[in-house]
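So the sequence shown is residues 1 to 622, counted in the working numbering. Even glycine gets a Cβ: it sits at the ideal position worked out from N, Cα and C.
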Amino acid sequence: MDRRPPHPGRASAPPDGHAAGDAEEVLVANYRRLARIAYLILPAGADRHHRLLAAHAVTQRALPGLSLRAGRAGHPDDLYDGLRLRVVRRALAGRVRPRGPLPGVWGLRMFTADGAEDELALDRELAELPAAARAAYALRAVDGLPPAEITDLLLRAGVARPDEARRAAGAIRTVVGEPVRFDPCTVRVQPGDLIRRRRTTRLCAAGSVLAATLVGAAAAGGTAQAPAGALRLPSADGAPLAATADPAALLRAAPTEWTRTARLDFSAWPARGDRTGDSALLGRVLALWQRGGLAVHTEPGTPVGPPVGTPRLLWAGDVDGTAVVVLHDGARIAHWSAETGMVVARADDSDVTTGAAVVLRRTTRSVRFLLAPWVDTAELRRLRQPDTPATAVARTDGVTAALSTADADCRSGPVLQLRSSRTVAEKHAFLLADLGGILPAHLTWTPPPSAGAARAPREATGTDALVTWARTACNLPEQGPGVKELNAWAFAEQQLPQHAGTATWVCLRTDRWNGEGSAATELLLPGPGGGGRTVRTALAQGRGCSRFDQNTVGWTRWRAPDGHAFLLAAGSRRVARLRVRGDGPPLDAAPADRTVAVESPEGGRPEVTGVLDDGTEIHPLS
């Protein structure tokens, strides 16, 4: 597939005498794209000013001496390929004087937009790679070249081991979302001397304008505002983004679809908001998602790429004066706002709970949610205060009031307690916790073991569940975007030595939307009001403590009230024996409550093994 960017000018080859002029036109039309490639390849350092200048120098100096291929001299595609190759070669070789006078940027102190977390993460990853690997990443991220074309271009640029460089670049998973980030054409300018332009070189004049102008939020938001100190520029390919997408094709569910379907997920959401008829806005957002690249940020575990099939419109409107659009392609949610750009999150296999809310707008102080049409009541729950009743949350057309994040529990955001409508024959309450992503995480609870089959997770709205979450909310094994469900499983209860009370062994399970997950075992010690100390004993990636792995064993050290040190261990429902080897005499016991307590001096690492009722040995999470 030809991944070269479209040329906004003539499609046919011009006369040879005009080749140089057309090469200049191609450079100007694709300047931002080529400068971004150079910026990504150049070494990352603390001085972003000189790195930015070097990127412009590499790009502007790609034109002189450009040799055109015989037979198609001056064709726009060939011209772009030649320019890109020269940019890559110069950036790899570092043939630029970043501290000298550079074309078109004299007299300016320029910096890229203030670094967001994703930009800084990508900068750190790039700094650890050789230049060839950075080039492979830039070609993939900016121009979307397939592996074979990346290998071929790197070979022509003089890279000795292009496949090795491409594999190294494949380890980078960070994608910069907001289009004004990591972009040498999106700058903060500090003026010095007046800009001096060389009138004899048209390219330098064009370059100085391009270097000091901003591509406005990838042209996706007609209402987007550039950061302070930044200027605006038309889109990088010179064509309006809306021309590549048809908003009339968007799917829209009927307002009462959710009352008739047996599939309650995002596909049953109606289109809401005061701009659902704004074709220009919807077209720009659709085109941005289709184009992808650095302008689209994906949450962890979310596949990168354009919409799968025809997207469904869930929301288009102004929220606190900011344009917001939410789309769903059957597997992912795409959230665009004029403030933050586009973020895409995985949302396949959603249901009445995990498909009940989407973060509509987030600020440093508050967050608003858009709720599913089947949500009957919405309340705010304080996890760290299980005895405090939930408070009602006001909402209009499914949009909640701005909920404060300043006093949120631990590092997470607000926790919603929602109740589904009796119309869907559910009418049950459930909890959703804001962990910083587009979709909040569903909180569940599995009670202590009993005879018979293992219990299934249930909603975490009962007294015991709320008390457990109050003790564990600040010790989640994983937080952040991409988390689908969090379950707290009380797999054992243990009477502590010296009549110190009853402790509860809990396994905290994190499930992500992409099927990955992790688990952590914790011991909840007794204390006044159930607020005793929490001790984490292990953390592991995998499917531990999930419905596919319901056997677990944990251990920790504990100091009794008289100062004696004990090793505590416990197993889940099917653990028949516990074995401890290490600091003292070996222990092999079959206690009825599946727990043991052994006096043990601190230091060293004992070996704890659980033996199931069928003889299978299991070990603690690690």
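Have a look at L612 and L568 and give me their C-alpha separation to the nearest angstrom.
So the alpha carbons of these two residues sit roughly 18 Å apart.
In its own chain, which residues sit with a C-beta less than 8 Å from the C-beta of L34, not counting the 5 before and 5 after it?
The residues are L27, T59, A62, L83, R84, V87.
Could you spell out the range, first to last residue, of the alpha helix (DSSP H) harbouring Q290?
Looking at the DSSP string, the run of the alpha helix (DSSP H) that includes Q290 is 279-291.
What is the C-beta distance between P440 and A429, in whole angstroms, given that I count them as a contact (C-beta under 8 Å)?
Contact flag wrong, Cβ pair sits at about 15 Å.
Determine, using beta-carbon pairs with one atom in the segment 504-521 and one in the segment 371-378, whether at least three such pairs fall under 8 Å.
The segment 504-521, when compared against the segment 371-378, does not touch it at the 8 Å Cβ threshold.
Determine, using beta carbons only, whether D442 and T340 come nearer to each other than 9 Å.
Looking at the sequence provided, one finds His at residue 442 rather than Asp. Contact flag unset, no.
Going by DSSP, name the residue or residues bridged to D511.
Paired residues: E485, G517.
Tell me the rounded alpha-carbon separation between Q417 and L371.
Taking the straight line from one Cα to the other gives about 12 Å.
First and last residue of the alpha helix (DSSP H) that includes I333?
That residue, I333, is in no alpha helix (DSSP H); its beta strand (DSSP E) goes 332-337.
The alpha helix (DSSP H) that contains R346, what's its start and end?
It is not in any alpha helix (DSSP H) - R346 instead sits in the beta strand (DSSP E) that spans 341-346.
What does a CB cutoff of less than 8 Å around R458 pick up in its chain, not counting 5 residues either side in sequence?
Excluding sequence neighbours, R458 sits near T444, W445, T446, P447, A465.
Would you identify the three-state DSSP class for S572, choosing helix, strand or coil?
Here S572 sits in coil by DSSP.
Sort out for me which residues DSSP pairs R581 with in a bridge.
DSSP, once it has assigned bridges, lists E607 as partnering R581.
So, is A160 buried or exposed, given that buried needs 16 or more other C-beta atoms within 10 angstroms?
It counts as exposed.
Express the C-alpha separation of P620 and E607 in angstroms, rounding to a whole number.
The straight-line gap from Cα to Cα measures roughly 9 Å.
Just to confirm my understanding: we take A597, look at its own chain, exclude 5 residues before and 5 after, and list those with CB closer than 6 Å. What are they?
Within the same chain, A597 has close Cβ partners P497, F566, L568.
Does DSSP put V352 in a helix, a strand or coil?
Here V352 sits in coil by DSSP.
For the candidate residues L360, A500, R381, A394, whose alpha-carbon lies nearest to that of I438?
I438 has its Cα closest to that of L360, out of L360, A500, R381, A394.
What's the C-alpha gap between D152 and R166?
One C-alpha to the other measures close to 11 Å.
Is F266 helix, strand or coil by DSSP?
Looking at F266 - three-state DSSP - the assignment turns out to be helix.
To the nearest angstrom, report how far apart R252 and V304 are at their CA atoms.
Approximately 24 Å, taken between the alpha carbons.
With distances taken from CA atoms, which of L264, H328, Q550 is nearest L286?
The residue with the shortest Cα to Cα distance from L286 is H328.
Please classify E299 as buried or exposed, where buried requires at least 16 other C-beta atoms within 10 Å of its C-beta.
E299 comes out buried.
List the endpoints of the continuous beta strand (DSSP E) containing A393.
The question names Ala, yet the displayed sequence has Val at residue 393. Here V393 belongs to no beta strand (DSSP E), and DSSP marks it neither H nor E.
Tell me whether I438 sits in a helix, a strand or coil according to DSSP, three-state version.
If DSSP states are grouped into helix, strand and coil, I438 belongs with coil.
In terms of residues, what are the limits of the beta strand (DSSP E) holding D376?
Note, D376: beta strand (DSSP E), 375-381.
Give the straight-line distance between the Cα atoms of Y137 and S337, rounded to the nearest whole angstrom.
Going from the Cα of Y137 to the Cα of S337 covers about 27 Å.
Around the C-beta of L435, are 16 or more other C-beta atoms found within 10 angstroms, so that it is buried, or is it exposed?
Buried is the call here.
Between P561 and the rest of its own chain, which residues show a CB-CB distance below 8 Å, the 5 nearest in sequence each way excluded?
Answer for P561: Q498, A500, listed in chain order.
Among D351, G462, Y31, E617, which one has its Cα closest to the Cα of W258?
Considering only alpha carbons, the answer is D351.
Compare the Cα-Cα distances from A44 to each of L92, E24, R32, D163 and report the closest residue.
Ranking L92, E24, R32, D163 by Cα distance to A44 puts L92 first.
Can you tell me the Cα-Cα spacing of E602 and R419, whole angstroms?
The alpha-carbon atoms of E602 and R419 are separated by roughly 48 Å.
Roughly how many angstroms lie between the CA atoms of G170 and A390, to the nearest whole one?
Roughly 46 Å between the two C-alpha positions.
Output the boundary residues of the beta strand (DSSP E) element that contains T298.
Note, T298: beta strand (DSSP E), 296-298.
Can you give me the C-alpha to C-alpha distance between R284 and D349, rounded to a whole angstrom?
Cα-Cα distance, rounded: 28 Å.
I need the DSSP call for E459, collapsed to helix, strand or coil.
Correct three-state label for E459: strand.
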